[in-house]
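Numbering (this note's numbering), first residue to last: 220 to 348.
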């Protein structure tokens, strides 16, 4: 079975605690890994205002994961998203041709750089405290 390049963005309810949000993110990652995905990068967008209210929520916690996986994984992932009441929206994008895959790789690199900056900022904030 051939693997393809994917990007999944999902929005978690803003009413959850920080630990519950992290548990939801870890749950999505475990579903991906159990079904043969190789996570290439992640980007934590954090809490953001929604364009319109979803389930009476004006905000949501955004998270993006870039990965390669067999195409059968997407059905399982979407099934889990639909049954999970704490995830209010999701979007899966498949990258197919060479130009799209190069763009996917650029996004993975940007996500890695952004994560590194965020970790540096957290470390420097911890040192100054």
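Think of the CB as a built atom: it goes at the ideal place given N, C-alpha and C, for glycine as much as any other residue.
- The C-beta distance from residue 289 to residue 255 rounds to 5 Å, short enough to meet the 8 Å contact threshold.
- Remark: C-beta atoms of residue 312 and residue 225 approach each other more closely than 8 Å.
- With three or more CB-CB distances shorter than 8 Å, the region 256-269 counts as touching the region 317-332.
- As DSSP reads the structure, residue 308 sits in a beta bridge with 230.
- For residue 276, the secondary structure class from DSSP, reduced to helix, strand or coil, is strand.
- Spatial neighbours of residue 300 in its own chain (CB-CB distance under 6 Å, excluding positions within 5 residues in sequence) are listed in chain order as 306, 309.
- The shortest C-alpha to C-alpha distance from residue 331 to any of 251, 285, 265 is the one to 285.
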